[in-house]
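To start, the structure under review is shown below, and the notes come after it.
2 protein chains.
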Amino acid sequence: MASTPDHADAPGDGAAPAERLPVTQRAIDHIKGMIADGLLQPGDRLPTERDLAAELGASRSSMREAIRALTTLGVLEARHGAGVYVTPLRPGDLLETFSVLAEISQGETLIEVLQVRRMLEPAATALAAARADDAQLRRLAGILERIGTGESEGETVAADLSFHQAIVEITGNATLVAVNDGLSSRTFNARVWHGHREAGLSARLREDHERIYQALHDRDPDAARAAATTHVMEVERWLRGHLGSSQRD
Amino acid sequence: MASTPDHADAPGDGAAPAERLPVTQRAIDHIKGMIADGLLQPGDRLPTERDLAAELGASRSSMREAIRALTTLGVLEARHGAGVYVTPLRPGDLLETFSVLAEISQGETLIEVLQVRRMLEPAATALAAARADDAQLRRLAGILERIGTGESEGETVAADLSFHQAIVEITGNATLVAVNDGLSSRTFNARVWHGHREAGLSARLREDHERIYQALHDRDPDAARAAATTHVMEVERWLRGHLGSSQRD
DNA sequence: GCGTAGAAGTGGTCGGACCAATCGGGCGGC
DNA sequence: GCCGCCCGATTGGTCCGACCACTTCTACGC
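Sequences listed follow chains A and B, in order. Sequential numbering from 1 applies to the first sequence in the working numbering. Sequential numbering from 1 applies to the second sequence in the working numbering.
Below, the structure is given as structure tokens:
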């Protein structure tokens with residue numbers, strides 16, 4: 001944890017212990033601190049870059065880099081001509097960055113990602129099975145129909161992603177949605193479907209999804225957990241068989 | 001996915017791609033693309049900021065902001081005087097940013113975070129129970145002794161974090177370690193211990209950890225899963241009882 | 001009263017300058 | 001000939017001041 005060194009910066013503590021941190025880093029900590037201390041609440045507007053820079057004795061360039069860093073993290077949002085604002089700080093915003101992981105990772109890391117999903121998805125699916133209402137189930141059924149049916153592999157991949165996302169959303173846990181999102185990648189999903197199609201195993205993948213839906217429809221958490229586990233393991237099985245073969249071109 | 005706007009759509013106006021994106025964003029995409037395409041591999045050194053800026057027709061300021069963004073994401077690493085390098089792209093690096101979540105989130109989001117941990121930790125602990133070797137168990141035992149014994153609450157909190165981290169590390173899954181790390185916060189942990197001590201429930205927390213250790217020692221995954229679940233739920237129980245009361249110090 | 005044009009405010013970009021840390025090569029001492 | 005120190009070139013870090021692009025608010029005219 002703690003990208004920033006813990007300096008017990010007690011409020012009012014004046015004995016400046018020779019902060020040798022880079023200016024930009026100090027600016028980042030300063031703003032982060034204002035949020036953590038409640039001085040800045042979600043939706044609040046920050047002072048202008050020029051004012052903030054003056055306040056910290058830093059240049060506007062450094063302050064801009066600090067703001068850019070926090071913008072990247074999803075903590076701040078800059079609106080051209082209007083000002084800089086604190087985001088709602090919802091998990092989804094903060095974890096957007098998270099997506100780089102699934103986007104960039106390769107090889108062994110993909111296996112690790114799948115192992116984490118194997119822990120999360122079964123639990124999430126079981127929870128969803130206990131909570132799903134009729135409208136949500138109808139929506140799921142609609143998405144399921146688009147999986148593995150049409151000729152377009154792209155639509156199947158998109159529907160697949162939507163399917164799992166919709167299930168996780170049923171849990172009502174935005175943090176879970178964000179984490180799960182970060183562990184899923186469109187390009188990886190596409191590779192899985194393409195590989196299965198080539199091996200004549202598309203049907204197997206579709207059946208996985210049907211079983212998951214059925215379990216949710218039956219409000220059967222145990223069945224849901226099992227179906228989700230089976231599905232993730234199927235993907236993992238495929239990945240282990242294809243590691244290293246289709247990595248680089 | 002979706003940190004980058006899809007330029008694939010744009011139905012009507014097919015002609016000009018019209019890259020209207022902000023300069024800095026274009027620079028970010030450029031570098032990210034070079035990594036995704038394998039032009040830049042982990043450990044590689046990037047051209048100098050000045051060269052990169054010239055290459056893209058951008059100013060050095062904008063290029064620096066782009067580099068700052070990717071540095072924040074854990075993709076790049078800048079070494080003063082030496083150059084900018086691509087990180088090993090290990091999950092731990094990429095998820096460092098992740099820690100802002102537990103660091104900043106409050107109220108309801110904390111509950112959500114705990115629910116995610118309730119999915120991950122039992123599974124991770126069960127896996128660890130099946131894999132732990134003697135040396136790892138001895139190390140765990142050593143950490144366990146520091147939990148809830150001495151007078152220093154700070155040491156207990158630190159040991160608590162180490163304990164769970166060590167267990168997750170036994171799984172050998174770096175991605176899992178990183179995710180779990182991001183969901184844990186020292187300040188939150190401190191609040192939990194402080195609250196329990198005030199209520200005279202420190203012993204209960206310590207017993208939780210002892211049960212987890214015992215299960216690992218017995219190489220009993222089921223018991224480990226149960227013990228971990230119980231522990232997370234205990235924390236969740238406490239949090240629900242204290243939401244809104246003791247936010248800030 | 002309403003819409004519009006203009007002014008002020010604010011983030012976005014630029015170019016150049018200088019500081020500070022690093023690295024490499026050359027010079028001198030052993 | 002080898003080792004070590006020092007100096008200069010390279011490169012990231014910071015600062016400044018200017019201008020552009022977008023938003024917002026205001027005052028003007030209809």
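Note that the Cβ used here is the ideal one computed from N, Cα and C, for glycine as well. Treat the numbers as computed from the prediction; the structure is a model and nothing was measured.
Note down, in chain order, every chain B residue with its Cβ under 7 angstroms from the Cβ of arginine 68(A).
Glu65, Arg68, Ala69
Within the same chain, show all residues whose beta-carbon is closer than 6 angstroms to that of alanine 178(A), passing over the 5 residues directly before and after it, in chain order.
Pro91, Gly92, Leu95
What does DSSP give as the partner residue(s) for leucine 76(B) in the beta ladder?
Val86(B)
Of the residues Gln106(B), Met233(B), Leu216(B), Lys32(B), the one placed nearest aspartate 133(B), counting alpha carbons only
Leu216(B)
Would you kindly check if the distance between the Cβ of leucine 137(B) and the Cβ of leucine 239(B) is under 8 angstroms?
no
Closer than 7 angstroms: threonine 149(A) CB and nearest the ligand FAD heavy atom
The ligand content of the structure shown is nil, which means the ligand FAD is not present either.
Can you pull the chain B neighbours of isoleucine 35(A), defined as C-beta to C-beta under 9 angstroms?
Ile104
Whose Cβ in chain B lies nearer than 8 angstroms to the Cβ of proline 221(A)?
Going along chain B, no residue has its Cβ under 8 angstroms from proline 221(A), so there is no contact; the nearest lies around 13 angstroms.
Assess contact between the stretch 221–235 of chain A and the stretch 123–131 of chain A, defined as three or more Cβ pairs (one per stretch) separated by less than 8 angstroms. Is contact present?
yes
By Cβ distance below 7 angstroms, which residues in the same chain neighbour threonine 97(B) in space, the five residues on each side in sequence not counted?
Thr72, Leu73, Gly74
Rounded to whole angstroms, what is the Cα-Cα separation between alanine 203(A) and alanine 54(B)?
51 angstroms
Might you give, ordered along the chain, the residues of its own chain that have their beta carbon closer than 8 angstroms to the beta carbon of alanine 227(B), omitting 5 neighbours on each side?
Thr125, Asp208, Arg211, Ile212, Gln214, Ala215
Does glycine 14(B) come out as helix, strand or coil in the three-state DSSP assignment?
Caution is warranted here: a pLDDT of 33 is assigned to glycine 14(B), below 50, making its placement in the model unreliable, and no coordinate value can be reported.
Could you pull the start and end residues of the alpha helix (DSSP H) that glutamate 121(A) belongs to?
108–131
Give a yes or no on whether the C-beta atoms belonging to arginine 60(A) and glutamate 65(B) are separated by under 8 angstroms.
no
Bridge partners of arginine 45(B), per DSSP?
Tyr85(B)
Here's the rule I'm using: 16 or more other beta-carbon atoms within 10 Å means buried, otherwise exposed. How should threonine 24(A) be labelled?
buried
Along the stretch 150–163 of chain A, where does the CB come closer than 7 angstroms to a CB of chain B? Name the residues.
none
Which chain A residues are close to glutamine 115(B), counting only those with a beta carbon under 7 angstroms from its beta carbon?
Asn173, Leu176
Methionine 34(A) to glutamate 77(A), Cα distance in whole Å?
15 angstroms
Look up arginine 139(B) in the DSSP assignment and say whether it is helix, strand or coil.
helix
Using a Cβ-Cβ cut-off of 8 angstroms, state whether alanine 230(A) counts as contacting chain B.
Note that residue 230(A) is threonine in the sequence shown here, rather than alanine. Threonine 230(A) does not count as touching chain B.
If you reduce the DSSP assignment to three classes, tell me which class aspartate 220(A) lands in.
coil
Sequence-distant residues of the same chain with beta carbon closer than 6 angstroms to valine 232(A), five excluded per side
Arg117, Arg118, Glu121
In three-state terms, what does DSSP make of glycine 182(A)?
helix
If you reduce the DSSP assignment to three classes, tell me which class arginine 204(A) lands in.
helix
Might you give, ordered along the chain, the residues of its own chain that have their beta carbon closer than 6 angstroms to the beta carbon of glycine 83(B), omitting 5 neighbours on each side?
Arg45
Per-residue contacts from proline 47(A) into chain B (C-beta, under 9 angstroms)
Correct list: empty, because the minimum Cβ distance to chain B is about 19 angstroms.
Contact list for glutamate 112(A) against chain B, beta-carbon separation under 8 angstroms:
Pro91, Asn173, Ala174, Thr175, Leu176
Which residues in the same chain as valine 235(B) place their Cβ atom closer than 7 angstroms to its Cβ, once the five residues preceding and following it in sequence are excluded?
Leu114, Val192
Which of the three DSSP states, helix, strand or coil, is assigned to leucine 56(B)?
helix
Quick one: grab the DSSP three-state call for isoleucine 167(A).
helix
Would arginine 68(A) and arginine 68(B) be called neighbours here (beta carbons separated by less than 8 angstroms)?
yes
Beta-carbon neighbours of threonine 87(B), restricted to chain A and to distances below 7 angstroms:
Those within 7 angstroms of threonine 87(B) in chain A number zero; the least Cβ separation is about 10 angstroms.
Taking all protein chains shown into account, do 16 or more other C-beta atoms lie within 10 angstroms of the C-beta of serine 185(B), making it buried, or fewer, making it exposed?
buried
Please tell me whether threonine 175(B) and glutamate 103(A) are closer than 8 angstroms, where the distance is taken between their beta carbons.
no
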